[in-house]
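Numbering (the numbering used here), first residue to last: 525 to 650.
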């Protein structure tokens with residue numbers, strides 16, 4: 525899936541999640557979503573983009589980054605991203621040979637369970 529298709533899918537999920545919502549939402553994303561069109565579409569949908577900023581030519585501006593919630597969002601996003609990175613580097617999710625949503629879903633569930641088991645000794649020590 526290219527970047528345009530991923531951004532369209534993200535907007536569709538946002539609209540499906542909160543059709544006609546007047547409540548302000550936030551959405552976290554990586555640098556691939558930091559483009560002017562996507563950020564403008566999010567703002568029109570009453571969604572604050574908490575995506576990681578590109579170093580140059582970022583579409584995420586000071587309206588978002590000055591707020592303390594943005595820094596908190598970035599720290600939480602990192603905690604969410606770590607298991608996915610583990611699944612791709614240590615687990616078998618980088619290039620799965622399986623086909624079908626159910627089979628890939630089962631592999632993903634098993635991989636995330638293994639990730640949690642690997643984290644367990646550190647969590648118990650804390």
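We put the CB at the ideal spot given by N, CA and C, even for glycine.
Measuring C-alpha to C-alpha distances from residue 598 to each of 579, 574, 612 and 626 identifies 574 as the nearest. For the options 612, 582 and 550, the alpha carbon positioned closest to that of residue 560 is the one of 582. When secondary structure is reduced to three states using DSSP, residue 572 falls in the strand class. If you draw a straight line from the Cα of residue 626 to the Cα of residue 646, it is about 31 Å long. When the beta-carbon positions are compared, residue 576 and residue 603 stay at least 8 Å from each other. Between residue 569 and the set 551, 585, 579 and 578, the nearest pair of CA atoms involves 551.
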